[in-house]
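Chemist:
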Amino acid sequence: EAQVTQNPRYLITVTGKKLTVTCSQNMNHEYMSWYRQDPGLGLRQIYYSMNVEVTDKGDVPEGYKVSRKEKRNFPLILESPSPNQTSLYFCASSRGLLLYGYTFGSGTRLTVV
Amino acid sequence: AQSVTQLDSQVPVFEEAPVELRCNYSSSVSVYLFWYVQYPNQGLQLLLKYLSGSTLVKGINGFEAEFNKSQTSFHLRKPSVHISDTAEYFCAVLNNAGNMLTFGGGTRLMVKP
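Those protein sequences? They're chains B and W, same order as listed. The working numbering puts the first residue of the first sequence at 1, with every later residue one more than the last. The working numbering puts the first residue of the second sequence at 1, with every later residue one more than the last.
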């Protein structure tokens, strides 16, 4: 089944403890992206990647890092999480946003205490 | 830069009634518009898109949207809603480079029996 898989689905952590949210897609998509979803703000893009080793900042990149060493994986790294990064995170991939739109993962709910 | 405004954060409606979810956009050049739906505890799914041509666009599950350039709007409509349409709906605009999709704040559609 074609899908985007995120792990974990739920995560509670403490301020300052480094964490990684994994994202993997099995559709050979070149384009991948991370969003965070907050009530009333919709989805805001954190980082995106057009291909392997090509990444760029979205609208809210501060406090996040990404890497794209392989086409299928696009992990999101929080080096020193803070409470304002408590949010619902989505990974998404596409073979072309204009014609095909995104395939989204199921989301990761992160709580930083 | 493009932006999207969804005018209603919540829309309650009775089953089998018609519904319209409003979306206004701002974009300086070509306009590519999308509607996505998010069912509870799931990622987003593409509902429909406007790229060019006919201003009335039909999507899945009986939804349609009308692109109105003079009013910079892309409202989503359904003539008769079902309980299963209860979800959050997001309007989005794609930039000209085709690499960034900007979402509105979302509208929660609540269908009552």
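Think of the CB as a built atom: it goes at the ideal place given N, C-alpha and C, for glycine as much as any other residue.
1) Spell out the partners DSSP gives Val21 of chain B in its beta bridges.
2) With a cut-off of 8 Å, does the C-beta of Phe74 of chain B fall near any C-beta of chain W?
3) Counting Cβ pairs, one atom from each stretch, are 3 or more of them under 8 Å apart for the segment 24-33 of chain W and the segment 38-54 of chain B?
4) Indicate the three-state DSSP secondary structure (helix, strand or coil) for Leu51 of chain W in the structure shown.
5) Using C-beta distances below 6 Å, list every residue in its chain close to Thr72 of chain W, excluding the 5 sequence neighbours before and after it, in chain order.
6) Provide the residue span of the beta strand (DSSP E) that contains Tyr32 of chain W, from first to last.
7) Would you say Ser84 of chain W and Glu16 of chain W are within 8 Å of each other, going by their C-beta atoms?
8) For the candidate residues W:Tyr89, W:Gln42, W:Ala1 and W:Asn68, whose alpha-carbon lies nearest to that of Gly104 of chain W?
9) Which residues, in chain order, does the segment 27-50 of chain B contribute to contact with chain W at a C-beta distance below 9 Å?
10) Smallest Cα separation from Arg72 of chain B: which of B:Asn84, B:Val112, B:Gln25 and B:Pro61?
11) Would you please verify whether the beta carbon of Phe67 of chain W is less than 8 Å from any beta carbon of chain B?
12) Along the chain, where does the beta strand (DSSP E) that runs through Tyr100 of chain B open and close?
13) Go ahead and pull the three-state DSSP assignment for Ser61 of chain B.
14) What separation, rounded to the nearest whole angstrom, lies between the Cα atoms of Arg95 of chain B and Met32 of chain B?
15) Using C-beta distances below 6 Å, list every residue in its chain close to Ile12 of chain B, excluding the 5 sequence neighbours before and after it, in chain order.
16) Tell me whether Ser84 of chain W sits in a helix, a strand or coil according to DSSP, three-state version.
Modeler: Taking the structure as given:
1) B:Leu76
2) no
3) no
4) coil
5) Asn24 and Tyr25
6) Tyr32 to Gln38
7) no
8) W:Tyr89
9) Tyr31, Ser33, Tyr35, Gln37, Pro39, Gly40, Leu41, Gly42, Leu43, Arg44, Gln45, Tyr48 and Met50
10) B:Gln25
11) no
12) No beta strand (DSSP E) holds Tyr100 of chain B; the alpha helix (DSSP H) holding it covers Leu97 to Tyr100.
13) As written in the sequence, residue 61 of chain B is Pro, which differs from the Ser given in the question. Correct three-state label for Pro61 of chain B: coil.
14) 9 Å
15) Thr111
16) helix
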